[in-house]
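Enquirer:
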Amino acid sequence: MKHPATDRVTPIAPHARTPNTITRPALLALFRLALVTLIVVFAACDNRFPVPASDSRADPDAAVDGPIVIPDGPSDAGCPADEIATTVHRDPRGTMTFVTRDIVKVRAIGVPGDQPLTSVLVADDGEVAAAALTAPVAEPDKISDPRDVLTQLQQRAADYFAREGIGSEALTVRGSGTSGTSADGFPDVKAAVWHINGNSRLSAWGMRSHLLAAVLAVQPHQLSNMPTAPSGVEQSESFVAKLTVVLRPGDQIAVSLAVATARAYDDVTSTVGTRVDDLGGGSALGVAGLRTERVCDVAQARGSAMADIIFVVDESGSMNDNRADIVNNANRFFAKAKAAGLDFRMGVAGMKNPSKGAVLGKFCSNISSDPQDDGGQDRFLGADEQSTFSACISNPPYFEGGAEYGLAHAYHAVKRHLPRAVNDPTKVRAGAELVLIIVTDEAPQELKQGASYNDVPGFLRYSDYRSTSCSLPFDLEAKTEAYLKPWFDLFSGRDDPQARTAVHVIGGTCKNACKAEVAYGYQALAQRFGGQVGDVCQANLGATLDLIIESIIAAASPRKLRERPVSASLIVEVNGVRIPRSRQKGVLYNVAANTLSFINVDVGQGALVVASYRRMTR
Numbered sequence: 012m013k014h015p016a017t018d019r020v021t022p023i024a025p026h027a028r029t030p031n032t033i034t035r036p037a038l039l040a041l042f043r044l045a046l047v048t049l050i051v052v053f054a055a056c057d058n059r060f061p062v063p064a065s066d067s068r069a070d071p072d073a074a075v076d077g078p079i080v081i082p083d084g085p086s087d088a089g090c091p092a093d094e095i096a097t098t099v100h101r102d103p104r105g106t107m108t109f110v111t112r113d114i115v116k117v118r119a120i121g122v123p124g125d126q127p128l129t130s131v132l133v134a135d136d137g138e139v140a141a142a143a144l145t146a147p148v149a150e151p152d153k154i155s156d157p158r159d160v161l162t163q164l165q166q167r168a169a170d171y172f173a174r175e176g177i178g179s180e181a182l183t184v185r186g187s188g189t190s191g192t193s194a195d196g197f198p199d200v201k202a203a204v205w206h207i208n209g210n211s212r213l214s215a216w217g218m219r220s221h222l223l224a225a226v227l228a229v230q231p232h233q234l235s236n237m238p239t240a241p242s243g244v245e246q247s248e249s250f251v252a253k254l255t256v257v258l259r260p261g262d263q264i265a266v267s268l269a270v271a272t273a274r275a276y277d278d279v280t281s282t283v284g285t286r287v288d289d290l291g292g293g294s295a296l297g298v299a300g301l302r303t304e305r306v307c308d309v310a311q312a313r314g315s316a317m318a319d320i321i322f323v324v325d326e327s328g329s330m331n332d333n334r335a336d337i338v339n340n341a342n343r344f345f346a347k348a349k350a351a352g353l354d355f356r357m358g359v360a361g362m363k364n365p366s367k368g369a370v371l372g373k374f375c376s377n378i379s380s381d382p383q384d385d386g387g388q389d390r391f392l393g394a395d396e397q398s399t400f401s402a403c404i405s406n407p408p409y410f411e412g413g414a415e416y417g418l419a420h421a422y423h424a425v426k427r428h429l430p431r432a433v434n435d436p437t438k439v440r441a442g443a444e445l446v447l448i449i450v451t452d453e454a455p456q457e458l459k460q461g462a463s464y465n466d467v468p469g470f471l472r473y474s475d476y477r478s479t480s481c482s483l484p485f486d487l488e489a490k491t492e493a494y495l496k497p498w499f500d501l502f503s504g505r506d507d508p509q510a511r512t513a514v515h516v517i518g519g520t521c522k523n524a525c526k527a528e529v530a531y532g533y534q535a536l537a538q539r540f541g542g543q544v545g546d547v548c549q550a551n552l553g554a555t556l557d558l559i560i561e562s563i564i565a566a567a568s569p570r571k572l573r574e575r576p577v578s579a580s581l582i583v584e585v586n587g588v589r590i591p592r593s594r595q596k597g598v599l600y601n602v603a604a605n606t607l608s609f610i611n612v613d614v615g616q617g618a619l620v621v622a623s624y625r626r627m628t629r
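Going by our numbering, the sequence shown opens with residue 12, and the numbers climb by one from there.
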């Protein structure tokens, strides 16, 4: 059900500040039930969204404490009469459309030079400092994919932070984002997450200035009309930035980014993380000339999310602290999966050299401290076997002895546990999302010079994958892609539809801080199969594990939104009860999967789930 309405459109004059508040006509409405084929995910919440104000606008930041009660049985609830007021912003150069809540302050920024493709808007939303920009592609002969652009920006930011004294190892990657297509139809990487630890205390406004300077290859003082941080705003040395990169025709990129202090972003009881997601996740940014229209999806809750998750873990001594970190975060990982109602199992495999007597892809089910232990019975672990999971992560099957054949074990961890079956702990379940999580600080042994697998020699030299590397030369990248064809064919389902697999990686990333080898090969699998890549050098892997489990929950959902929303406009109701957007108790929207999930909300089968939102259209 679509409800046309007049947009509040703000063309932003160069260096002109958008008014702090923008009046918006109340939408005429009373839209009733229209059952539409949509799919929506769910989880849980104890706080009710506020009652609509008299002007029929919802306030997304004013959640009311108290238990939420979802009535049993069918409901005739239809599209909400109110909506979250948004404004469509136009940049002076006519390169983009940027949609925010109407309380967000937006202004155009001056950039040195006269590049027709370059334009910048900045947005201030409470504790969140955001921006949307367009710019020409740097070194277009080296760019074939938006992932190349993101890597280029990451390298540029890391070099900038080192050069400007912010920190030589200030930037780590919590999550690499997900490759896909933007709402306006161009290749993109959505919702990459960087963690920035600097040497001096700044506000999110100050860190935004540094990020813009790094992305645009200028100095912060060259950006004119930048807003000053509000009085009393939090100062910190630690920040989280979320970025989306779109590769447009004509060698132009579009970027949305949002920054908050790490403390505020990681506080699941606040709305800061959600607002960072809205402004940096890509749903707010489009080409010039777009408008918005209201969409209302109505569907009954059916089915549940199911996932079989396979960890392939490096057992080398340099990984002892990382495996311990995963064990320390196992409670968090399991608790989040359970809170979302995810029906999950875990498999844990090692990386031992295939020529040394290992059963490739064999799972662990033993609690043992013997490094030579083969893992016991080859089976998945249930959600009630967390202690065994922790023991298996600490001591995966076999002892690998310093040569990590993660590609071989990942391939066979999928292959040997097919065909799918029902109620068989040795097989992937029918209907389950199949997920690989590869954890290592080494590049794949299979790809290294001097090694071979299946009689195919490796070809990467140490200089290619050392920690300072950010990308492979085109010829080696092409050679790596060709080498990985059997993995691409299996995990895509081309060889066997039952083998379709999502791949996530915790490994070495560009300019990492702990001398980890860059995870080429593994990264290519994650990029191809919808996964996150997180930096293994992080002091705490909990944030990356959070991103991975949220991605799994979203991908496992059988319920998908019919259109792509501007996420800041999203309202969700279940049987007429409004559910707040929350990472602790409420509804989550995943921009890459375009699904909803509920955290700590008990949504019964057959409940009527309504999602109301605005989408961008021509």
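Glycine included, each C-beta is placed from N, C-alpha and C at the ideal position.
Look up phenylalanine 609 in the DSSP assignment and give the residues it is bridged to.
Expert: Indexing the sequence shown from 1 puts residue 609 at position 598. Phenylalanine 609 is bridged to Val598.
Enquirer: Run through the stretch 87-134 for me and flag every whole alpha helix (DSSP H) of 4 or more residues, listed as ranges in chain order.
Expert: List check, alpha helix (DSSP H) in window: nothing returned.
Enquirer: How big is the Cα-Cα spacing for arginine 440 and threonine 239?
Expert: Within the sequence shown, numbered from 1, the residue matching residue 440 stands at position 429. Within the sequence shown, numbered from 1, the residue matching residue 239 stands at position 228. So the two alpha carbons sit approximately 54 Å from each other.
Enquirer: Beta strand (DSSP E) containing cysteine 403: first to last residue?
Expert: Counting from 1 along the sequence shown, the entry for residue 403 is found at position 392. That residue, cysteine 403, is in no beta strand (DSSP E); its alpha helix (DSSP H) goes 397-405.
Enquirer: Would you tell me roughly how many angstroms separate the C-alpha atoms of tyrosine 464 and alanine 424, rounded to the nearest one?
Expert: To locate residue 464, count along the sequence shown from 1; it is residue 453. To locate residue 424, count along the sequence shown from 1; it is residue 413. Spanning the two alpha carbons is a distance of roughly 16 Å.
Enquirer: For the alpha helix (DSSP H) holding isoleucine 177, just list the boundary residues, first then last.
Expert: Position 166 of the sequence shown, counted from the first residue, corresponds to residue 177. Careful: isoleucine 177 lies outside any alpha helix (DSSP H) and carries neither H nor E.
Enquirer: Near aspartate 500, which residues of its chain fall below 7 Å by C-beta distance, leaving aside the five closest residues on each side in sequence?
Expert: If you number the sequence shown from 1, residue 500 lands on position 489. So the qualifying residues of the chain are Asp506.
Enquirer: Assuming contact is defined by CB atoms lying nearer than 8 Å, are valine 620 and alanine 202 in contact in what I supplied?
Expert: Here residue 620 is taken as the residue at index 609 of the sequence shown, counted from 1. Here residue 202 is taken as the residue at index 191 of the sequence shown, counted from 1. The answer is no: Cβ separation not under 8 Å.
Enquirer: Please classify histidine 232 as buried or exposed, where buried requires at least 16 neighbouring CB atoms within 10 angstroms.
Expert: In the sequence shown, the residue the question calls residue 232 occupies position 221. That one is exposed.
Enquirer: When DSSP labels each residue in this structure, what does alanine 55 get in the three-state scheme?
Expert: As a position in the sequence shown, residue 55 is number 44, starting the count at 1. Since pLDDT at alanine 55 reaches only 31, below the 50 mark, its modelled position is unreliable, and the value read off the structure follows with that caveat. DSSP places alanine 55 in strand when its eight states are reduced to three.
Enquirer: Grouping DSSP H, G and I as helix and E and B as strand, with all else coil, what is arginine 390?
Expert: The residue you call residue 390 lines up with position 379 of the sequence shown. If DSSP states are grouped into helix, strand and coil, arginine 390 belongs with coil.
Enquirer: For glutamate 150, count the other beta carbons within 10 Å of its own beta carbon; 16 or more makes it buried, fewer makes it exposed. Which is it?
Expert: Along the sequence shown, one-based indexing puts residue 150 at 139. It is exposed - the Cβ of glutamate 150 has fewer than 16 other Cβ atoms within 10 Å.
Enquirer: Within the same chain, show all residues whose beta-carbon is closer than 7 Å to that of glycine 178, passing over the 5 residues directly before and after it, in chain order.
Expert: Looking up residue 178 in the sequence shown gives position 167. Closer than 7 Å at the Cβ level, and outside the excluded window around glycine 178, lie Phe172, Asn208, Gly209 and Asn210.
Enquirer: I need the DSSP call for threonine 437, collapsed to helix, strand or coil.
Expert: In the sequence shown, residue 437 corresponds to position 426, counting from 1. Residue state, collapsed to three classes: coil.
Enquirer: Which same chain residues, not among the five before or five after glycine 387, have their C-beta less than 8 Å away from its C-beta?
Expert: If you number the sequence shown from 1, residue 387 lands on position 376. Excluding positions up to five away in sequence, the list reads Cys375, Ser376, Asn377 and Ser379.
Enquirer: Tell me the rounded alpha-carbon separation between lysine 571 and lysine 596.
Expert: What you label residue 571 is simply residue 560 of the sequence shown in a count that begins at 1. What you label residue 596 is simply residue 585 of the sequence shown in a count that begins at 1. C-alpha separation (whole angstroms): 20 Å.
Enquirer: Would you mind reading off the limits of the alpha helix (DSSP H) that contains valine 279?
Expert: Here residue 279 is taken as the residue at index 268 of the sequence shown, counted from 1. No alpha helix (DSSP H) holds valine 279; DSSP gives it neither H nor E.
Enquirer: Could you tell me the alpha carbon to alpha carbon distance between threonine 97 and glycine 297, rounded to whole angstroms?
Expert: Residue 97 sits at position 86 when you count from the first residue of the sequence shown. Residue 297 sits at position 286 when you count from the first residue of the sequence shown. Rounded to the nearest angstrom, the two C-alpha atoms are 15 Å apart.
Enquirer: Which of the three DSSP states, helix, strand or coil, is assigned to alanine 346?
Expert: On the sequence shown, position 335 is the one that residue 346 refers to. Helix, per DSSP.
Enquirer: Taking Cβ positions, are leucine 418 and glutamate 453 nearer each other than 8 Å?
Expert: The residue labelled residue 418 in the question sits at position 407 within the sequence shown. The residue labelled residue 453 in the question sits at position 442 within the sequence shown. It is not a contact, given that the beta carbons lie outside the stated cut-off.
Enquirer: Counting contacts by CB-CB distance shorter than 8 Å, is alanine 92 in contact with chain C?
Expert: Absent here is chain C; the protein component of the structure consists of one chain.
Enquirer: Is the beta carbon of threonine 303 sitting closer than 8 Å to the one on arginine 626?
Expert: Walking along the sequence shown from the start, residue 303 turns up at place 292. Walking along the sequence shown from the start, residue 626 turns up at place 615. In contact: threonine 303 and arginine 626 (Cβ atoms closer than 8 Å).
Enquirer: Quick check: what's the CA-CA separation for aspartate 385 versus phenylalanine 391?
Expert: Counted from its first residue, the sequence shown places residue 385 at position 374. Counted from its first residue, the sequence shown places residue 391 at position 380. Between aspartate 385 and phenylalanine 391, the C-alpha separation is close to 15 Å.
Enquirer: Return the first residue and the last residue of the alpha helix (DSSP H) that valine 244 is part of.
Expert: Taking the first residue of the sequence shown as 1, we reach residue 244 at position 233. It is not in any alpha helix (DSSP H) - valine 244 carries neither H nor E in the DSSP assignment.
Enquirer: Give the DSSP-derived three-state secondary structure of leucine 558 in the structure shown.
Expert: Counting from 1 along the sequence shown, the entry for residue 558 is found at position 547. Three-state DSSP puts leucine 558 in a helix.
Enquirer: Excluding sequence positions up to five away, which residues of its chain have a Cβ less than 7 Å from the Cβ of proline 15?
Expert: Counting from 1 along the sequence shown, the entry for residue 15 is found at position 4. Residue confidence for proline 15 is low, a pLDDT of 48 falling below 50, so the modelled location carries little weight; the figure read from the coordinates is stated next. So the list reads Glu304, once near-sequence residues are dropped.
Enquirer: Could you please give me the residues that DSSP links to serine 627 through a beta bridge?
Expert: Within the sequence shown, residue 627 is the residue found at index 616, counting from 1. The question names serine, but residue 627 in the sequence shown is methionine. Looking at the DSSP assignment, methionine 627 forms a beta bridge with Thr303.
Enquirer: Within the same chain, show all residues whose beta-carbon is closer than 6 Å to that of isoleucine 563, passing over the 5 residues directly before and after it, in chain order.
Expert: For the purposes of this step, residue 563 is taken as residue 552 along the sequence shown, with counting starting at 1. Ala318 and Val446, listed in sequence order.
Enquirer: So, is aspartate 630 buried or exposed, given that buried needs 16 or more other C-beta atoms within 10 angstroms?
Expert: Outside the displayed range of the chain (12 to 629) lies residue 630, so it cannot be described from this structure.
Enquirer: Would you say the beta carbon of leucine 599 comes nearer than 7 Å to a heavy atom of the ligand FMN?
Expert: Ligands in the displayed structure: none, and consequently the ligand FMN is not present.
Enquirer: For a quick check, are the C-beta atoms of valine 204 and valine 257 less than 8 Å apart?
Expert: Looking up residue 204 in the sequence shown gives position 193. Looking up residue 257 in the sequence shown gives position 246. It is not a contact, given that the beta carbons lie outside the stated cut-off.
Enquirer: According to DSSP, is serine 291 helix, strand or coil?
Expert: What you label residue 291 is simply residue 280 of the sequence shown in a count that begins at 1. Position check: residue 291 holds glycine in this sequence, whereas serine was assumed. Three-state DSSP puts glycine 291 in a helix.
Enquirer: Just list the residues that DSSP pairs methionine 317 with in beta bridges.
Expert: If you number the sequence shown from 1, residue 317 lands on position 306. Asp354.
Enquirer: Going by beta carbon distance, what residues of the same chain come within less than 8 Å of glutamine 263, once the five residues before and after it are set aside?
Expert: For the purposes of this step, residue 263 is taken as the residue at position 252 of the sequence shown. For glutamine 263, where only same-chain residues beyond five positions count, the Cβ hits under 8 Å are Thr106, Leu128, Thr145, Ala146, Pro147 and Val148.
Enquirer: Assuming glutamate 528 and tyrosine 476 are in contact, meaning their beta carbons sit under 8 Å apart, how far apart are those beta carbons, in whole angstroms?
Expert: In the sequence shown, residue 528 corresponds to position 517, counting from 1. In the sequence shown, residue 476 corresponds to position 465, counting from 1. Contact flag correct, Cβ pair sits at about 5 Å.
Enquirer: Which stretch, first to last residue, makes up the beta strand (DSSP E) that contains histidine 206?
Expert: Along the sequence shown, one-based indexing puts residue 206 at 195. Run containing histidine 206: 198-213, per the beta strand (DSSP E) assignment.
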